[in-house]
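At position 219 of the sequence shown (counting the first as 1) the number is 219 in UniProt numbering, and the numbers step up by one without a gap.
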Amino acid sequence: MPELPEVEVVRAGLQAHVAGRVIARVDVLHPRAIRRHALGPDDFTGRLAGARVEAARRRGKYLWLELSDKEAILAHLGMSGQMRVQPEGAPDEKHLRVRVRFADEGPELRFVDQRTFGGLALADLVDADGDLLPGPIAHIGRDPMDPAFDPVRAVKALRSRRTEVKRALLDQTLVSGVGNIYADEALWRAKLHWSRPTEKLTNAQGRTLLEAATEVMAEALKAGGTSFDALYVNVNGQSGYFERSLNVYGRGDEPCRRCGTPIRREPFMNRSSYFCPRCQPRPRRPR
1 MPELPEVEVV
11 RAGLQAHVAG
21 RVIARVDVLH
31 PRAIRRHALG
41 PDDFTGRLAG
51 ARVEAARRRG
61 KYLWLELSDK
71 EAILAHLGMS
81 GQMRVQPEGA
91 PDEKHLRVRV
101 RFADEGPELR
111 FVDQRTFGGL
121 ALADLVDADG
131 DLLPGPIAHI
141 GRDPMDPAFD
151 PVRAVKALRS
161 RRTEVKRALL
171 DQTLVSGVGN
181 IYADEALWRA
191 KLHWSRPTEK
201 LTNAQGRTLL
211 EAATEVMAEA
221 LKAGGTSFDA
231 LYVNVNGQSG
241 YFERSLNVYG
251 RGDEPCRRCG
261 TPIRREPFMN
271 RSSYFCPRCQ
281 PRPRRPR
């Protein structure tokens, strides 16, 4: 699933191309793409006709188009979902699932999803910690790049868990936006092993870790995000190139760029954790 930098690149593109426009018609080309909309395709398309897109919003890894009347199109990008802006009449993408046409007859918005793990749904906007969020994601915490993000509160939340620090960092209710890639990168920068118990994390280490996460995601955002294949692209179909700057993720057995020790890969939650065994020593087990 795309992480904060990738989703922010898409959000910015949507803000530039669809904000302020009125929807004329929506075509659902694959029902699975709106399976999260419980009332079905006819309700989805009927309620969107004539709606105005006020803005493209994001919190953490979650993206939505804010509509009038406190509603939103919540987008779940999944592993391969793409929000594409294309001239009306351009050839359809092979995995086009939903098409949104606008009253001004300008470029249309397309939801493309090869694996159909993602989807779109209409949701009511609700008040959550002072912001309006789609109801299904109202429990999601603020991300480190949010101006209202409180690092002291976030460190306290991380330390309150009784788990490994990487698991806590991936908990979107505590700190949103960080996924497997940027968690590994932040832990490397903070010189912390992924399995360090959160209760043994000091306040200073917690602040350093969150600062590292903010730093690496800001750098990734400038590079357009991280693209390992053609499945993550921005609204114009362009890939990000931050992969070239990754220090540990995906670099198993390659030398650490800080000390030269081979990067190690270990299984983690049906995924992988990458770390430097010298820079990020494993915490000692209690006797």
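We treat Cβ as the ideally placed atom computed from N, Cα and C, and that holds for glycine.
This one's a predicted model, so the numbers in the text were calculated from it and none came from an experiment.
Outcome for residue i when other beta-carbon atoms lying within 10 angstroms are tallied against a minimum of 16
{"i": "Cys259", "result": "exposed"}
{"i": "His76", "result": "buried"}
{"i": "Gly40", "result": "exposed"}
{"i": "Lys61", "result": "buried"}
{"i": "Arg284", "result": "exposed"}
{"i": "Gly179", "result": "buried"}
{"i": "Ser160", "result": "exposed"}
{"i": "Val9", "result": "buried"}
{"i": "Gly13", "result": "buried"}
{"i": "Val85", "result": "buried"}
{"i": "Gly46", "result": "exposed"}
{"i": "Ala168", "result": "buried"}
{"i": "Thr261", "result": "exposed"}
{"i": "Ala49", "result": "exposed"}
{"i": "Ala56", "result": "buried"}
{"i": "Ala16", "result": "exposed"}
Cβ pair residue i, residue j closer than 9 Å
{"i": "Asn203", "j": "Val155", "result": "yes"}
{"i": "Gly141", "j": "Leu174", "result": "yes"}
{"i": "Arg21", "j": "Arg52", "result": "yes"}
{"i": "Leu4", "j": "Gly177", "result": "yes"}
{"i": "Phe44", "j": "Val28", "result": "yes"}
{"i": "Leu122", "j": "Leu74", "result": "yes"}
{"i": "Asp253", "j": "Arg271", "result": "no"}
{"i": "Arg36", "j": "Pro136", "result": "yes"}
{"i": "Arg153", "j": "Thr198", "result": "no"}
Cβ distance (whole Å) where residue i is taken to contact residue j below 8 Å
{"i": "Glu105", "j": "Glu93", "result": "That belief does not hold up - the Cβ atoms of Glu105 and Glu93 are roughly 20 Å apart, past 8 Å."}
{"i": "Pro280", "j": "Lys200", "result": "According to the sequence as given, residue 280 is Gln; it is not Pro. The Cβ separation is near 14 Å, so there is no contact."}
{"i": "Pro134", "j": "Ala72", "result": "5 Å"}
{"i": "Trp188", "j": "Cys276", "result": "6 Å"}
{"i": "Met83", "j": "Met1", "result": "Wrong, their Cβ atoms sit about 14 Å apart, outside the cutoff."}
{"i": "Leu125", "j": "Glu66", "result": "7 Å"}
Cβ neighbours of residue i in the same chain (closer than 6 Å, five flanking residues each side left out)
{"i": "Pro144", "result": "Leu210, Ala213, Thr214"}
{"i": "Ala128", "result": "Ala138"}
{"i": "Val7", "result": "Arg58, Lys61, Leu63"}
{"i": "Ala103", "result": "Val22, Ala24"}
Own chain partners of residue i with C-beta closer than 8 Å, once the 5 adjacent residues on each side are dropped
{"i": "Ala33", "result": "Arg97, Val98, Phe111, Asp113, Thr116, Gly118, Gly119, Leu120"}
{"i": "residue 298", "result": "Summary: the structure shown does not reach residue 298, with the chain confined to residues 1 through 287, and so no result is reported for it."}
{"i": "Ser68", "result": "Ala51, Arg52, Glu54"}
{"i": "Val216", "result": "Tyr182, Glu185, Ala186, Arg189"}
Sequence-distant residues of the same chain with beta carbon closer than 7 Å to residue i, five excluded per side
{"i": "Tyr249", "result": "Ile181, Asp184, Glu185, Tyr274"}
{"i": "Val100", "result": "Ile23, Val26, Glu108, Leu109"}
{"i": "Pro151", "result": "Arg207, Leu210"}
Please give me, in chain order, every unbroken run of the alpha helix (DSSP H) with length at least 4 that falls completely inside the segment 142–168. 151–160
Kindly provide the ranges of any beta strand (DSSP E) runs that are 3 or more residues long and lie completely inside the segment 45–98, ordered along the chain. 53–59, 62–67, 71–76, 81–86
Runs of beta strand (DSSP E) lying entirely within the segment 8–52, each at least 3 residues, in chain order: 23–28
In chain order, which continuous runs of the beta strand (DSSP E) of length 3 or greater are located wholly inside the segment 240–279? 264–268, 271–275
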